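Chemist: Attaching a single structure in structure tokens format; questions to follow.
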Amino acid sequence: MSLQVLTDLHQEVRRLFIAGSSVAAGDLRLTRLLPQLRKLGENAPVFNRLADGVQLVTEAKPEQASAKLLELGTLLHSILYTQGRTEAQGTLEEVQVTDTRGVTAIPYRKMRALIDALTERGPGRLEVIREGYEDSLFQDFRTHMPAVAALEDGYAEIAEFIYDKVIPSIGPAVVPILHRQLNLQGGKGDARKLYLIHHLQGPVNAELILQAAGEGGAEVRIAAVDILGDYPEQEDVVLEQSYERRKEVRRAALSALSRLGTGRAGGRLFEALTGKDREHAVEPIQAYSHPALTQRILDQAEAWLNAFDGSSAKTEAVEQLSAAVQCLKGKNDEAVRVFLEKLLSSPAFMVKETTAVQEYAAGLLLDMQRPEGYRFVESLYRQWGGKHISYSFQAALRCLSPEEVYDQFAPLIHHKQQAQAKELLNTLYDLTERLALTVYRDAEDSSVISWDPRWVHLFVDINEEELVCRFVREPDTKVTDYLLKKVRVAPQQMKPRTVSLFFALFKIGHEETPELLMQALEGSKGRQFYYLDQDKLALMSLLPGSYAERLEKFADLLSYESVKEQVLEVAARLKTKTSDEAEMGKGAGWIEWIKSKMY
């Protein structure tokens, strides 16, 4: 029995139900089906009944058409229901289900904004996704498929956040979805999926990874080759890929070889260092820890150094030595220290063209944390006419006493317009922190560097006020007078320098500081407070509790409601200060609140 004729008739009857029975009389589409129905009726009488019904509808008078159409429709639907099939076509397969641990009681209303942010386009989505992650919404299985799809998001920050945070937080439950959505011919999004499958399951997908390395698109192939570094039995494949035409594939293969850590892998890395893949070999060699390879690199670097002609300083020769020195990062061998010291003692090498390599080598000696290395680097600036004084100063801090460091380097800062002095001052800024970040830090959290107390007087003499603020430790007439003089220069503008000066005065416990700060705030009349940064917030919170009312009045001067609310919050907190806190600026709960506002 043919279902096609029944389906065609059903469509026409449905059309007439919608259009109305008044147009059924003489309907050509129904009339065309009559011959087929009569022919089928020769074998199945039910088709003759349908043909009769069609004929009655097309020939019915207008007042009878609706009843005849309804009779035809009823008969047709009855026949169609008897022709259905219950068996499924094809072979039975097990259905992959989602981990039931992903079922939560979170209402869809709360999930909707997150799912929209994952699946749609537009601004502001990253913040919604971050909030969803912080609220643990991604533990609900309804977010799993959208999250995996977001790995291909065109906004790179969203895709990277999903890759770095979201998918790992979901765990193995998302692996089946990653497998289903993985397209080996895809782009960066599919490369991320492949990495995540590997990270979540471990090295158990050799067949998939090999297929991706051989047949995948560019991004997927690069990811697969890199992943093969966790499959020791696939070393031959990785070695083969390290000679590929595409440099990105070669780079991934070299990275994989560094993790394999075999002798053959080390040999290939050394070959790359001395060949066309020199720049790609540096990071893998840094990650490869094997004395034999380190010694080969030292021998080669020694040969390059001996052949180095400082008068010409050709680019190729400089790049060779630069790559070799970079490869020594993290190698804390005595032989490495000896070579680096020889390098920095070579007149042919110590030329302008190799300055970047010199600085890198000096930094490596500091990182090795060896007393011999410290002493050598400390002497560099004397050996080369003041060159690399920054590294020498850092080494001196580690191998000399605070008094010796001051006696040796303080005279070089007196003329702060000179190049040496500028470099030393920049180093001092790099080695210290803004006082706002340290004023409430516990003793064990403070800098491990011990400074001679004379530094702060030197900075007063050369008028380096920010360093005075950073180095002040205790009340001192000279320093206090300097800070008071500086803080009275346009305090109402509350510039960053003014904030640092107030912090320094609070630190040494100068009794006039709260009043000076309050006068500066009142003098500004709120004009300088378009927003309240963490430093100003922390500074206001250092006021004694007795200033809470004046701070509330100051808040009334502020134009921006959000800033006003922050100041009022500080004022409310000031009222809770105990007498000890008011006098000392200390107190466990109070300090924790300050830290929460500062960091």
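Take 2 as the starting number for the sequence shown in my numbering and just add one per residue.
The C-beta atom is built at its ideal place from N, Cα and C for all residues, glycine as well.
None of these values were measured; they are calculated from a predicted model.
#1: According to DSSP, is V14 part of a helix, a strand, or is it coil?
#2: Kindly indicate the opening and closing residues of the alpha helix (DSSP H) around H458.
#3: Just to confirm, is the Cβ distance from L533 to Q567 under 9 Å?
#4: So, does the stretch 364 to 379 touch the stretch 325 to 343, judging by three or more C-beta pairs under 8 Å?
#5: Tell me whether A336 sits in a helix, a strand or coil according to DSSP, three-state version.
#6: Closer than 8 Å is the cut-off here; do at least three beta carbon pairs connect the stretch 447 to 456 with the stretch 483 to 492?
#7: Among Y392, G387 and A357, which residue has its Cα nearest to the Cα of D368?
#8: Under 8 Å, with one C-beta from each stretch per pair, do the stretch 462 to 477 and the stretch 489 to 496 reach the 3-pair mark?
#9: Let me confirm a value: V490 is counted as buried when at least 16 other C-beta atoms fall within 10 Å, else exposed. Which label applies?
#10: Just to confirm the assignment: which complete alpha helix (DSSP H) runs, minimum length 4, are found wholly within the stretch 294 to 378?
#11: Do V226 and L201 have their C-beta atoms within less than 9 Å of each other?
#12: Going by beta carbon distance, what residues of the same chain come within less than 6 Å of L552, once the five residues before and after it are set aside?
#13: DSSP three-state label for Q90, please.
#14: Distance check for M351 and Q359, CA to CA, integer angstroms please.
#15: Can you tell me which of the three DSSP states H199 falls into?
#16: Which of helix, strand or coil does DSSP assign to A444?
#17: I'd like the list of long-range same chain contacts for G524, defined as Cβ closer than 8 Å, with 5 residues on each side in sequence excluded.
#18: Helix, strand or coil, according to DSSP, for S256 in the structure here?
#19: Taking the Cβ atom as the reference point for each residue, do N184 and V221 lie within a distance shorter than 9 Å?
#20: Going by alpha carbons, who is nearest to A411 out of V457, A437 and G527?
#21: Please check the pair A66 and A106, which I expect to be a contact at CB under 8 Å, by giving their CB distance rounded to whole angstroms.
#22: For the alpha helix (DSSP H) holding R281, just list the boundary residues, first then last.
#23: Are there 16 or more other CB atoms within 10 angstroms of the CB of Q418, so buried, or fewer, so exposed?
#24: In chain order, what residues of the same chain have a beta carbon less than 6 Å from the beta carbon of R39, not counting five sequence neighbours either side?
#25: Could you check the C-alpha separation between E405 and C328 for me, to the nearest Å?
#26: When we look at the beta-carbon of G230 and count the other beta-carbons within 10 Å, is it buried (16 or more) or exposed?
#27: Could you say which of A308, G91, V378 and Q384 lies nearest to C400 if we only look at CA atoms?
#28: Would you call the CB atoms of G546 and L575 closer than 9 Å?
#29: Which value, in whole angstroms, describes the spacing of the CA atoms of I286 and V480?
#30: If you count every other CB in all the chains shown that lies within 10 Å of the CB of V205, and 16 or more means buried, which is it?
#31: Give me the residue from H11, E516 and P124 with the minimum Cα distance to A157.
#32: What's the gap between the Cα of N464 and the Cα of E135?
#33: Compute the Euclidean distance between the alpha carbons of L468 and A539, then round it to the nearest angstrom.
#34: Would you identify the three-state DSSP class for A583, choosing helix, strand or coil?
#35: S290: buried (16+ other C-beta within 10 angstroms of its C-beta) or exposed?
#36: Would DSSP call V449 helix, strand or coil?
Modeler: Per the coordinate set shown:
#1: Reduced to three states, the DSSP call for V14 is helix.
#2: For H458, the enclosing alpha helix (DSSP H) has its first and last residue at R455 to D462.
#3: Closer than 9 Å, so yes.
#4: Counting Cβ pairs under 8 Å, three or more are found: they touch.
#5: A336 falls in the helix class under three-state DSSP.
#6: Counting Cβ pairs under 8 Å, fewer than three are found: no touch.
#7: Comparing Cα positions, the closest option is Y392.
#8: Segments in contact, no.
#9: Under this definition V490 is an exposed residue.
#10: Here the runs fully enclosed are 316 to 328, 335 to 344 and 356 to 369.
#11: At a Cβ-Cβ threshold of 9 Å, V226 and L201 do not count as neighbours.
#12: Answer for L552: A572, listed in chain order.
#13: In the three-state reduction of the DSSP assignment, Q90 falls in the coil class.
#14: Near 7 Å, if we compare the C-alpha coordinates of M351 and Q359.
#15: Three-state result, H199: helix.
#16: The pLDDT assigned to A444 is 45, lower than 50, so where the model puts this residue is not dependable; a value taken from the coordinates is nonetheless given after this. In the structure shown, A444 adopts helical secondary structure according to DSSP, grouped into three states.
#17: Cβ neighbours of G524 beyond the five flanking positions: P492 and Q493.
#18: If DSSP states are grouped into helix, strand and coil, S256 belongs with the helices.
#19: For N184 and V221, yes; Cβs fall inside 9 Å.
#20: The candidate whose alpha carbon is nearest that of A411 is V457.
#21: In fact, because the Cβ distance is near 56 Å, the residues do not count as touching under 8 Å.
#22: A quick correction: the sequence has His, not Arg, at residue 281. Its alpha helix (DSSP H) spans residues R279 to A288.
#23: So Q418 counts as exposed.
#24: Counting only residues of its own chain and dropping the five nearest sequence neighbours on each side, R39 has a CB closer than 6 Å to the CB of A52.
#25: Distance between the alpha carbons of E405 and C328 is about 34 Å.
#26: By the 10 Å Cβ count, G230 comes out buried.
#27: Checked all of A308, G91, V378 and Q384; the closest Cα to C400 is V378.
#28: Against a cut-off of 9 Å, the Cβ pair of L575 and G546 comes out as a contact.
#29: Each residue's Cα considered, the two are about 51 Å apart.
#30: With fewer than 16 Cβ atoms within 10 Å of its Cβ, V205 is classed as exposed.
#31: A157 has its Cα closest to that of P124, out of H11, E516 and P124.
#32: Straight-line measurement puts the Cα of E135 at about 47 Å from the Cα of N464.
#33: Those two C-alpha atoms are separated by around 20 Å.
#34: Here the model assigns A583 a pLDDT of 45, short of 50, so the residue's position is not dependable, and the following value carries that caveat. Three-state DSSP puts A583 in a helix.
#35: Per the 10 Å Cβ criterion, exposed.
#36: It is coil, neither helix nor strand.
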